[in-house]
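Have a look at the structure below before the remarks.
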Amino acid sequence: MAQEPGARAESPSKAPHAPTELSDLATLKALAQPRRQRMLQHLTLHGPATSATLARALGLNTGSTSYHLRELARYGFVEESSEPRGQGRKRWWRAVPGDRRFPPRSRQSPEMRLVMDELNHHAYAADLELFEQTQLRSDGYEDPWADAFPYSRGSIRLTLPELSAFFEEYIALLNRYKRPDADTPPGARTVLTRFLAFPAPGTAPETHPVPHNRRESDPS
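This is the structure:
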């Protein structure tokens with residue numbers, strides 16, 4: 009999928025786009041529709057597809073997928089693929105990459121917060137389900153990618169400016185590894201990345217110096 013919680017980074021490899029804030033309520037509502045999120049996820053994972061392909065993959069009818077594709081295209085999330093594919097006059101669609109970000113919660117209206125909560129709820133659930141399904145399907149004996157599920161849980165003490173800088177460094181790291189298909193070596197696979205950070209509940213900013221950062225990390 010091309011845009012997500014807090015911020016999504018899906019910038020082109022050669023020249024990453026400048027961040028674009030999605031502050032229009034109609035645009036956010038269009039993105040929050042669960043079927044559209046599923047369709048965007050499929051296009052991101054499997055590349056360009058027709059409305060019929062999406063309908064078969066997601067258990068929908070072509071009338072529904074065609075409508076949702078037009079709505080996604082209307083708001084700039086998908087576009088028709090210019091690359092010829094197969095025969096006939098079928099319309100192929102691709103996800104449009106971009107560094108799309110959402111307004112900080114302090115600048116969201118009450119209605120926007122409801123939309124964002126709905127969007128995030130479906131996005132997080134879909135990500136977790138996909139992670140679990142992929143991990144269960146991996147064959148630890150034959151699949152060389154069976155160990156390709158790194159994750160880390162940790163905590164660090166940061167100020168708000170430091171957290172913002174930390175996030176920008178993460179985005180920059182992603183963009184360092186992005187490259188066009190022509191430069192991708194054999195054996196490479198699409199790897200989904202997700203970033204989530206939030207203040208621990210019930211904690212307040214320190215009023216006195218802290219000697220060192222506390223860290224707890226459980227890589228796997």
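Quick note: the sequence shown uses my numbering, first residue 9, plus one each step.
All C-beta atoms, glycine included, are put in the ideal place defined by N, C-alpha and C.
Would you identify the three-state DSSP class for Val-86, choosing helix, strand or coil? strand
What is the DSSP secondary structure of Ala-208, counted as helix, strand or coil? coil
Of the choices Ala-26, Leu-33, Pro-27, whose alpha-carbon is the least far from that of Glu-119? Leu-33
Nearest-angstrom Cα distance between Gln-116 and Tyr-185? 32 Å
What are the boundary residues of the alpha helix (DSSP H) that includes Arg-239? Beyond the ends of the chain as shown, which are 9 and 228, falls residue 239; an answer cannot be given.
Sub-7 Å separation of Phe-139 and Leu-30 beta-carbons: no
Stretch-stretch touch, CB-based, cutoff 8 Å, three pairs: the stretch 151-164 with the stretch 57-64: no
Going by C-alpha distance, which of Gly-55, Phe-85, His-50, Arg-43 is nearest Leu-68? The shortest Cα separation from Leu-68 among Gly-55, Phe-85, His-50, Arg-43 belongs to Arg-43.
Pull up the distance between the alpha-carbon of Gln-143 and that of Lys-37, whole angstroms please. 31 Å
At the level of alpha carbons, what is the spacing between Glu-176 and Pro-27? 11 Å
Alpha carbon of Leu-168 to alpha carbon of Thr-70, nearest angstrom: 46 Å
Between which two residues does the beta strand (DSSP E) carrying Arg-202 extend? Segment: none, Arg-202 is in no beta strand (DSSP E) and carries neither H nor E.
Per DSSP, what kind of secondary structure is Thr-28 in: helix, strand or coil? strand
Alpha-carbon to alpha-carbon, Gly-210 and Pro-194: If I take the Cα positions, the gap works out to 48 Å.
Among Leu-182, Ser-163, Gln-141, which one has its Cα closest to the Cα of Ala-208? Ser-163
Residues bridged to Arg-102 by DSSP? Glu-87
Could I get the ranges of all uninterrupted beta strand (DSSP E) runs contained in the stretch 123-185, with 3 residues as the minimum, in chain order? none
Here's a check: name, in chain order, each residue in its chain whose Cβ is nearer than 6 Å to the Cβ of Arg-46, leaving out the five neighbours to either side. Leu-66
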